[in-house]
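Anchor point for the sequence shown: position 488 equals 497 in this note's numbering, and the numbering is continuous, going up by one each time.
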Amino acid sequence: MAAPAHKMTPLPELCRPVAEWVNTVRELTQPRAIHWVEGTEAEARELTAQLVRSKELTVLNGEQFPGCHLARSAPNDVARVEHLTYICTRSQEDAGPNNHWMDPQQAHERMRGLFRGCMRERTLYVIPYCMGPLDSPLSRRGVELTDSPYVVLNMLIMTRAGRAALELIARDGRFVKGLHSIGELDPERRFIMHFPEELSIESFGSGYGGNALLGKKCHALRIASWQARTEGWLAEHMLIVGLQSPQGETHYLACAFPSSCGKTNLAMLIPPDSLPGWRVFTVGDDIAWLHPGADGRLWAINPEAGYFGVVPGTNAQTNRNAYEMIRRDTLFTNVALTGDNQPWWEGLPAGKPVLDWQGRPYDPARGPAAHPNSRFTVSAKRNPSYSPHSEDARGVPITALVFGGRRREVAPLVYEARDWQHGVLVGASLASETTAAAVGQVGVVRRDPMAMQPFCGYNFGDYWQHWLDVGAQLAHPPRIYHVNWFRRDPGGAFLWPGFGENLRVLAWMLDRCAGRVGAAESAIGRLPRPQDLNTNGLALASGALESLCAIDAAIWRKELADMREYLGRYGSRLPAALLAELKTIEQRLG
Ligand code: SAT
Ligand code: MN
Numbered sequence: 010m011a012a013p014a015h016k017m018t019p020l021p022e023l024c025r026p027v028a029e030w031v032n033t034v035r036e037l038t039q040p041r042a043i044h045w046v047e048g049t050e051a052e053a054r055e056l057t058a059q060l061v062r063s064k065e066l067t068v069l070n071g072e073q074f075p076g077c078h079l080a081r082s083a084p085n086d087v088a089r090v091e092h093l094t095y096i097c098t099r100s101q102e103d104a105g106p107n108n109h110w111m112d113p114q115q116a117h118e119r120m121r122g123l124f125r126g127c128m129r130e131r132t133l134y135v136i137p138y139c140m141g142p143l144d145s146p147l148s149r150r151g152v153e154l155t156d157s158p159y160v161v162l163n164m165l166i167m168t169r170a171g172r173a174a175l176e177l178i179a180r181d182g183r184f185v186k187g188l189h190s191i192g193e194l195d196p197e198r199r200f201i202m203h204f205p206e207e208l209s210i211e212s213f214g215s216g217y218g219g220n221a222l223l224g225k226k227c228h229a230l231r232i233a234s235w236q237a238r239t240e241g242w243l244a245e246h247m248l249i250v251g252l253q254s255p256q257g258e259t260h261y262l263a264c265a266f267p268s269s270c271g272k273t274n275l276a277m278l279i280p281p282d283s284l285p286g287w288r289v290f291t292v293g294d295d296i297a298w299l300h301p302g303a304d305g306r307l308w309a310i311n312p313e314a315g316y317f318g319v320v321p322g323t324n325a326q327t328n329r330n331a332y333e334m335i336r337r338d339t340l341f342t343n344v345a346l347t348g349d350n351q352p353w354w355e356g357l358p359a360g361k362p363v364l365d366w367q368g369r370p371y372d373p374a375r376g377p378a379a380h381p382n383s384r385f386t387v388s389a390k391r392n393p394s395y396s397p398h399s400e401d402a403r404g405v406p407i408t409a410l411v412f413g414g415r416r417r418e419v420a421p422l423v424y425e426a427r428d429w430q431h432g433v434l435v436g437a438s439l440a441s442e443t444t445a446a447a448v449g450q451v452g453v454v455r456r457d458p459m460a461m462q463p464f465c466g467y468n469f470g471d472y473w474q475h476w477l478d479v480g481a482q483l484a485h486p487p488r489i490y491h492v493n494w495f496r497r498d499p500g501g502a503f504l505w506p507g508f509g510e511n512l513r514v515l516a517w518m519l520d521r522c523a524g525r526v527g528a529a530e531s532a533i534g535r536l537p538r539p540q541d542l543n544t545n546g547l548a549l550a551s552g553a554l555e556s557l558c559a560i561d562a563a564i565w566r567k568e569l570a571d572m573r574e575y576l577g578r579y580g581s582r583l584p585a586a587l588l589a590e591l592k593t594i595e596q597r598l599g
C-alpha cells in the first residue's frame, strides 16, 4: 500500500514558520548543508556510522555492549555552566535574584556576533521535537537547530524527534526556537541564553548535555516553567515513579532532587528482598510537567523519552535496572575504556580501565578513569521498570510530592508537611551539597529551592506564588514530603543505607496518604515514629533510626535564620504566606 500523500511532503515544506526561521539562521551561520531530521532508525544508523568514520564516536565491544558507543567531549566541556547561563527578560526583576540576567537586545546582539558564519564547514541539523507523548494535550513542541551531530543522536533518544513532531508544529505554528552551535568549544566564548518572552534559546560554545540538548533543561525546565506559569501548570525538576504495593494498589510520586543526587536510582528503585510484593515503575527520571486535572488532582507527564544519567556508581547492587539497561543501544559520554573496548567507570566491581575518559593511558595519579559527570544516554523504553503508563496522554495522578537534598546534618530522614502551603515552604527551603553535574566547587551546601535553582526561568518569588496558586486550585492536592538519604553520623558514615531501602520511607508516605499509619508532630513537620517505619530485615546500627529522625533545635534555629535571610532577597516578590509559614515554625521551635 502506498504511503499517504502527506507523509511524502518534504520536511522543509511542512511548516512555513519553521522553514522561514531556518532560512534566517542559514544566512547568519552559513552552513555548508542543511539536514532536516526525519527521526527514522535508518537515519540514526547513518549518522552514527558517519561519526564512527570521523572518529567522533568509538564502537564499544559488540559482544558485551551491542549497539553501544562512546563519545568524548572536550576536556573543558563536561558539565553545565551556570555562570554562563542567562535569563533574558525585558525587566531584570522578572528573572529574579536566582538568575543571571542580560537585556534581551544586548544578548541577541552578542549571540549574533558569535553565531555569524560559525557553521561554515558544517552541516546545520534541523531537529523538530515534541516534549511529552505525541498525542498529549500536555505536550509542547520545539525545534533545535544545531551543528552537532552528537546533539542530534542524543535528541533522537531524549525526545520524540522528527517528522511526527514537525507535523504537530505545523498544526498550530507554536514551537520553542532553540539555536545551538558548538562554536570552537571555547569556555571564553560560551553562553546559554534564554528568552522566555520569545520562547527561544540561544546556546553557543558547548556540546555538553544540559548546555546543548536544548529540549532538556533549557526548554523543558527554564522556558517551560515560564510557559507553565502563564498557562496554569508546573514544570519541575522531578522524577516520576509508580509504586505498586503487595496489595496491588499503584500510586505515583514526583520527587525533586538536585542534579546527581540519585533521581535516576530512585526512579528505577529495586525493592529489597525483605520487602516482598512491591513493584516499581518508572515514568520519568529528571523532569515532570504537572497539570491540575479536572478531578482536582495533580497529573504528571514526563516530557522526555530517554535518560541522560550519571554513569559512575552504577552497578548491579546500586541500580540493577540501570546496569542492565545500559548494556545495549546506549551512548556513553566520557567514560573510561578497558583493553577490550568495554566502557568502564568507578563503582564497577570488575574490569580494568586502560584508557581514561580523555582517551589517555589511564594513570590514577590524574584522577578517576571515568569523568565523575560521565553520562549514559538511552531510550526510556530500554528500562526494565519502564511504566506502561509513560505514554498516557493525560499523564499519571500524583499522590505525593517529595523534596530531597544531600545534607550531612540538619534534615531528618523524612518529614511530612502539614499542608500544601507548608509544603511550598519545605520545597523553597531545599538546600543541598553541590555535585559534579555543574562546573564549580563540589560538596558545599547551597540553597536549591525545589531543586530548581539552576532551572527556573523566572523570579523565584513569583514561582513560589505560582506554586501556592496551583495548590489552591486542587481539591485533592498531593501531600508533600522532605527526605534526606545522605545524613551522616559524627564520624562521617552514612546513617541510612539508601538505594532500594528508600522504599521503606516511600511506603510510609503512601500509608500516610491512605490514613493507615501515624506520625509524631514536630516543629518542622510530621515525623515517623520508630514503629511507623517498616524496618523488617534492615540491619541498622543501634540508635541510627533515632539519629536519622532527630531534630536538633539549635541547628534548626540556625537553618531557619539562614532561610529567612535567603527568602529576604526576594523582597516584594516573596509571597507573604511563605514568611507566615516560616514564622510558625520559628515559634514552634521556640
Ligand atoms: O546536564 S544535564 O542538565 O542534562 C544533567 C543534570 O545536570 O541534571
Ligand atoms: Mn537533572
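Quick reminder that beta carbons are idealized off the backbone N, C-alpha and C, glycines included.
Give a single yes or no on whether residue i has its beta carbon closer than 7 Å to a heavy atom of ligand 1.
| i | result |
| --- | --- |
| residue 337 | no |
| residue 592 | no |
| residue 315 | no |
| residue 295 | yes |
| residue 80 | no |
| residue 219 | yes |
| residue 445 | no |
| residue 89 | yes |
| residue 226 | yes |
Would you say residue i touches ligand 2, meaning its beta carbon is less than 7 Å from a heavy atom?
| i | result |
| --- | --- |
| residue 268 | yes |
| residue 457 | no |
| residue 246 | yes |
Looking at residue j and residue i, is the spacing between their C-beta atoms short of 8 Å?
| i | j | result |
| --- | --- | --- |
| residue 247 | residue 314 | no |
| residue 212 | residue 189 | yes |
| residue 573 | residue 591 | yes |
| residue 60 | residue 306 | no |
| residue 62 | residue 368 | no |
| residue 270 | residue 413 | yes |
| residue 391 | residue 76 | no |
| residue 526 | residue 411 | no |
| residue 512 | residue 284 | yes |
| residue 447 | residue 198 | no |
| residue 112 | residue 131 | no |
| residue 510 | residue 547 | yes |
| residue 20 | residue 47 | yes |
| residue 539 | residue 517 | no |
| residue 308 | residue 180 | no |
| residue 355 | residue 325 | no |
Do you know how far the Cα of residue j is from the Cα of residue i?
| i | j | result |
| --- | --- | --- |
| residue 231 | residue 322 | 29 Å |
| residue 495 | residue 107 | 25 Å |
| residue 576 | residue 438 | 9 Å |
| residue 393 | residue 74 | 17 Å |
| residue 83 | residue 191 | 11 Å |
| residue 292 | residue 200 | 32 Å |
| residue 24 | residue 182 | 7 Å |
| residue 159 | residue 490 | 38 Å |
| residue 146 | residue 240 | 12 Å |
| residue 67 | residue 54 | 14 Å |
| residue 203 | residue 452 | 28 Å |
| residue 102 | residue 468 | 7 Å |
| residue 454 | residue 568 | 12 Å |
| residue 421 | residue 530 | 13 Å |
| residue 358 | residue 209 | 44 Å |
| residue 533 | residue 407 | 23 Å |
| residue 11 | residue 18 | Bear in mind that a pLDDT of 47 at residue 11, under 50, signals an unreliable position, so the number given afterwards is only what the model happens to contain. So the two alpha carbons sit approximately 14 Å from each other. |
| residue 222 | residue 238 | 23 Å |
| residue 607 | residue 312 | Outside the displayed span of the chain (10 to 599) sits residue 607, for which this structure offers no information. |
| residue 115 | residue 99 | 11 Å |
I think residue i touches residue j, with their Cβ atoms under 8 Å apart; what is that distance to the nearest whole Å?
| i | j | result |
| --- | --- | --- |
| residue 435 | residue 184 | Going by Cβ atoms, the distance from residue 435 to residue 184 rounds to 35 Å, so no, they are not a contact pair. |
| residue 335 | residue 405 | Not quite, the Cβ-Cβ distance comes to about 25 Å (not below 8 Å), so this is no contact. |
| residue 463 | residue 153 | Contact flag wrong, Cβ pair sits at about 20 Å. |
| residue 225 | residue 218 | 7 Å |
Legend entry - Inter-stretch contact (C-beta, 8 Å, three-pair minimum) for the region 383-394 and the region 127-138: no
Legend entry - the region 468-479 touching the region 416-428, judged by at least three CB pairs closer than 8 Å: no
Legend entry - Touch test, the region 441-451 against the region 408-423, Cβ-Cβ under 8 Å, three pairs minimum: yes
Inset, instruction - State whether the region 157-174 contacts the region 130-137, with contact taken as three or more CB pairs (one from each stretch) at a distance under 8 Å. - result: yes
Inset, instruction - Flag this pair as touching only if the region 114-124 and the region 237-244 have three or more C-beta atom pairs under 8 Å; answer yes or no. - result: no
Inset, instruction - Decide yes or no for the touch test of the region 281-291 against the region 248-260: beta carbon pairs closer than 8 Å, at least 3 of them. - result: yes
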